[in-house]
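Number of protein chains: 2
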Amino acid sequence: MKSEDPIEPRLPRGFRDICAQDLILRRRMVDIIQKVYFRYGYMPLETPAVEFLDVLGKFLPDSDQPEAGVFGFRIEEQWLALRYDLTAPLSRFVAMNKDLPLPFRRCQVGPVWRLEKPGPGRYREFYQFDIDIVGCETAAGDAEICLALADSLRALGFADSEFLIRISNRKILNSIVEMALSDMETDQLTRYLQSRRRDRMQLSGNRDRIRESYIDDIFRCVDKLDRVGIDGVTDLLGEGRLDETGDFTPGCFMKKNQIDYILRFLQLDCSTRRSFLADAAKLIETAEGKEGLAELETMDGNFSAAGYDDAVIRFDSQIVRGLAYYTGPVFEATLTFPVTDESGRKVQFGSVAGGGRYDSLIERFTGKKIPATGASIGVDRLLVAYSGRVEKSDSGAPAALVTVMDKTKLAEYIAMAAELRRAGIDTDLYLGSKGIRAQIKYADQNGIKVAVIAGEDEFAMGQVTLKDLKLGASLSAEISERDKWRKEQPAQIQVPRARLVEEVRAILKRHD
Amino acid sequence: MKSEDPIEPRLPRGFRDICAQDLILRRRMVDIIQKVYFRYGYMPLETPAVEFLDVLGKFLPDSDQPEAGVFGFRIEEQWLALRYDLTAPLSRFVAMNKDLPLPFRRCQVGPVWRLEKPGPGRYREFYQFDIDIVGCETAAGDAEICLALADSLRALGFADSEFLIRISNRKILNSIVEMALSDMETDQLTRYLQSRRRDRMQLSGNRDRIRESYIDDIFRCVDKLDRVGIDGVTDLLGEGRLDETGDFTPGCFMKKNQIDYILRFLQLDCSTRRSFLADAAKLIETAEGKEGLAELETMDGNFSAAGYDDAVIRFDSQIVRGLAYYTGPVFEATLTFPVTDESGRKVQFGSVAGGGRYDSLIERFTGKKIPATGASIGVDRLLVAYSGRVEKSDSGAPAALVTVMDKTKLAEYIAMAAELRRAGIDTDLYLGSKGIRAQIKYADQNGIKVAVIAGEDEFAMGQVTLKDLKLGASLSAEISERDKWRKEQPAQIQVPRARLVEEVRAILKRHD
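So the protein sequences, as listed, match chains A and B. The numbers in the numbering used here rise by one with no breaks, and the one at position 296 of the first sequence is 296. Each number in the numbering used here comes from the position in the second sequence (counting from 1) with 512 added on.
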């Protein structure tokens, strides 16, 4: 070990360490959400980080290549992967446990891993908190998921005006795109396929699959509305889009009347659930679309019955969701106020949770349809918004530091620390090798509130000195008031050793 | 998706799903331990699951091949790995954060992954809860870790007679082995190397490294004392050991007088800390051994100062710990009572936590010695013991189920569920497609206590029926008492709809 060159301590791209304050806050946030999920009857489950690659499948948005986006690896002749979400493992779990009483409500919180391009605030390991209900085929299940999301955001202290649950339905979107494509010409598909340089062998002779893939791409374009705006979507649906950096994205080669039909849907009045339902009904003609609309009608009724109005939950034609496996209602939770991000900038935050119905996912295993719906909270994103909200955030620092003036008296200091701990006071005992000044600096750096000091004099008199570090800090800050403060509330006092616990408590009480 | 053959839902060997009850219990246990660690000033940290392979290094016990035991994989031209413990990532973290105020106390809980042979109760993904103190060079740090372990076990409800913190010191062990080998002949090393078929090129010309590796193997033999007993260790140190299955493990070819010296140390009287210190002093002659003994003297003083006697913390010559990187005190927490394992058998549980001082590990990165010591609790193992202790264990099931008799009245049922939830009662709304009998069975299977039932009659009268499912279950169990019970506390009552919340609360109160 000693003869080798030092190894550079470093983390792989897209990974990070999370420190005390953020962890404590995340724990608090997760506990609050967990309580809401319990309130709705969702039971916790923990699946492993590692699964078989084929079991997870590949349902990530925005990625054409198989396995792209997934941390896959070969171990003992088998292809394994780190889970990229919590939905694929849930599907596997349900398929493996055939005796599970249905409907099965479960929640799961934990890290997922994606091999995507990391960036500011975008990590390759991030936390999700999912709820899902398996074995419920009606839209009442979808409605419940939305209620639980709304309750979670309320429980975290967000006002009704600060978030919105926005809902659409893949059946309606399908219907709109089908209607738009009713006058599609072969030429359109050919140009599309050529522009994508799609492996035509893979799709050859299978017009249905070509069409399916075409429609998926149209959805993907519409899903970019947030980022590129109506003009951008118009370009993407048409001949293609040139972005600010000069990159060109080929379009879907839809005709003007087709695009117009889709844009008309995207610009429907969504200010109330009833107005959306009424206006959408006028545009939708297919049976599937009407089914989708009826599901939203049901959900509207459920929301009203539970007491949630348009201020909190709305229908929104612009919600698409990236994942290909959604089969019915899709939803997103959006924060409506600007959030200060890690780098201190105010940003419109957008989606902090999303989900939808996926009635065919479990069928991959069972060959039998098992309906399911659910949502996933982006814990790290939401935490940024939540941490801006919490008044005093707990640094996790201990309350007191027992300093060590005289190393030969260590037993005395240990006894003091043990006494304070037994009294329920989080206490650090200084175990480094530096002097008292450095020890006080160490306490300040760690956010410790009280330093316990005892040297020769104190031991001789059966006393200890207590230094109020928070008061000390405010004294240095307001130097003009210094003498006044010193008289009224001295930052440093000597007290009998026997009264250690009470006196430390008294100082801590000042700063509660 | 539909045209393909179904995929078999399955988990890779050594991985498992953890369900509600165990998760809730684990959370409770972890929270209790966390509180103790906070009491001692340890701050939480979370490092990622994925690290660079060379950064983690390879310090697993019982394994000679590089990378064996580690989930390593190549992504984007780089060798990565899942962390196999929380100590290697901590060392990397400390080396990366040069401005960290020292001593740095951190705790971390989370899964680690090991590519080892899975077996009953042995998984490839398991939880550890670590505390470490970095930048403390004195044995007071080691003593503090032991105190925090003892306090954790006490906080979990284990009596002082039910566990033991057992401590030894690598410096003493080194000294004993060095003394034993003082008359070593070249022949001994040659036989050892031949029996292991060690790559002699790797070690060739480096007598020091051969000797180091030889001593490591001697430690490994002694570390097997728990499993193979004194006779087994005698064989392993000597010519080799034939186990019950007929497998032969080559020995270390030590001579009888050498083995006897080691056995004398292993059989020292460890009943009190003072007796161990007195007896060990007679055996130890090297400077390193005396240093180790002085460290244990310090720790003994610290334990006494903090009020922990021999009933809880002892010195024990049989503690070795498998890891090669320990440089000073090593410790283990052992449960002293038989635990009922997953398969219902009573087993002597042995170690639930272990650790030690590793003063050279961070040096791998920094080139500079940064002393550190710490311990790791085996969360899953300890959970098995803890769960045997907890009186009522929370299944995580919701308290109430609102059943659905008439699907056209769903809005009414949703309103009831919303009302109960707002009143703080965890409530499930039945969203499957089955009838009322199946719904009651579903409630029983899930451990739900109260079913809310409303059909045509109830709606007409403005009433709801409440069924006390726990009482119902005890009624069926004690069938002879049935009529008596029915009169006094009927399992099913009708109450006004307006009193839903109060009446459900009243039933739940019976079962608190």
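Backbone N, C-alpha and C fix where the C-beta goes; we use that ideal spot for every residue, glycine too.
- Burial state of B:Pro-850 is exposed, judged by a 10 Å Cβ sphere holding fewer than 16 other Cβ atoms.
- Around B:Phe-731, the same chain offers Leu-685, Val-832 as residues with beta carbons nearer than 7 Å, after the five sequence neighbours per side are excluded.
- Taking 7 Å as the CB threshold, B:Arg-551 lines the interface with chain A.
- Taking 7 Å as the CB threshold, B:Leu-614 lines the interface with chain A.
- CA-CA distance, A:Leu-90 to A:Pro-48, rounds to 11 Å.
- When DSSP reads this structure, B:Gly-868 sits in a beta bridge with B:Val-842, B:Gly-886.
- Look at the beta carbons and you see the stretch 300 to 315 of chain A not touching the stretch 187 to 194 of chain A: under three pairs across the two are nearer than 8 Å.
- Apart from the 5 residues on each side of it in sequence, A:Gly-135 sits with its Cβ closer than 7 Å to the Cβ of Leu-102, Pro-103, Phe-104, Ile-370, Pro-371 in its chain, given in chain order.
- The beta-carbon separation of B:Leu-557 and B:Gln-640, rounded to 13 Å, does not stay under the 8 Å limit for a contact.
- Identification of chain A residues near B:Glu-807 by a Cβ-Cβ cut-off of 8 Å yields none; the smallest Cβ-Cβ distance measures about 13 Å.
- A:Gln-494 places its beta carbon 7 Å or farther from that of A:Gln-445.
- Within chain A, the C-beta atoms nearer than 7 Å to that of B:Cys-531 come from Leu-45, in chain order.
- For the stretch 251 to 266 of chain A, the set of residues with a beta-carbon nearer than 7 Å to any beta-carbon of chain B is empty.
- For B:Thr-878, the closest alpha carbon among the candidates B:Ile-926, B:Asn-609, B:Phe-861 is that of B:Asn-609.
- Excluding its 5 nearest sequence neighbours in each direction, B:Phe-760 has C-beta neighbours in its own chain below 8 Å: Gly-752, Arg-753, Leu-754, listed in chain order.
- Excluding its 5 nearest sequence neighbours in each direction, B:Leu-737 has C-beta neighbours in its own chain below 6 Å: Val-745, Gln-830, listed in chain order.
- Comparing alpha carbon positions, the residue from A:Lys-290, A:Gly-378, A:Leu-410, A:Thr-336 closest to A:Lys-171 is A:Lys-290.
- Straight-line spacing of the CA atoms in A:Asp-341 and A:Cys-19 works out to 17 Å.
- Annotation for B:Arg-1009: no alpha helix (DSSP H) segment contains it, and DSSP assigns it neither H nor E.
- Only residues of its own chain outside the window of five on either side were considered, and among them Val-745, Leu-748, Leu-749, Cys-764 have a CB closer than 7 Å to the CB of B:Cys-733, listed in chain order.
- Of the candidates A:Val-452, A:Ala-280, A:Gly-355, A:Pro-120, A:Val-452 places its Cα closest to the Cα of A:Thr-465.
- Within the stretch 629 to 652 of chain B, Arg-636, Glu-637, Ile-645, Gly-647, Cys-648, Glu-649, Thr-650, Ala-652 place their CB atoms closer than 8 Å to a CB of chain A, listed in sequence order.
- In this structure, A:Arg-389 is the residue among A:Gly-322, A:Arg-389, A:Pro-329 with its C-alpha nearest to the C-alpha of A:Leu-335.
- In terms of Cβ geometry, A:Arg-273 and A:Asp-300 form a close pair [threshold 7 Å].
- The continuous beta strand (DSSP E) containing A:Ile-167 extends over residues 163 to 169.
- One thing to note: A:Asp-130 has its Cβ within 7 Å of the Cβ of A:Leu-86.
- B:Leu-835 carries a coil assignment under DSSP once its states are collapsed to helix, strand and coil.
- Within chain A, the residues Ile-414, Ala-417, Leu-429, Leu-431 have their CB atoms less than 9 Å from the CB of B:Glu-656, given in chain order.
- Secondary structure note for A:Val-402: it is in no alpha helix (DSSP H), and the uninterrupted beta strand (DSSP E) holding it is 400 to 402.
- In the DSSP assignment, A:Ala-451 falls within the beta strand (DSSP E) that extends over 450 to 453.
- For A:Tyr-430, the closest alpha carbon among the candidates A:Arg-422, A:Glu-503, A:Asp-406 is that of A:Asp-406.
- Under the 7 Å criterion on CB atoms, B:Leu-535 is classed as interfacial with respect to chain A.
- For B:Phe-638, the closest of B:Gly-819, B:Phe-605, B:Thr-915, B:Val-864 by C-alpha to C-alpha distance is B:Val-864.
- Chain A places a beta carbon closer than 7 Å to that of B:Leu-592, counting this residue as a contact.
- Residues Gln-770, Tyr-773, Ile-774 of the same chain have their beta carbon placed closer than 6 Å to that of B:Ala-692, with the five preceding and five following residues left out of the count.
- Around B:Tyr-898, the same chain offers Met-541, Leu-668 as residues with beta carbons nearer than 6 Å, after the five sequence neighbours per side are excluded.
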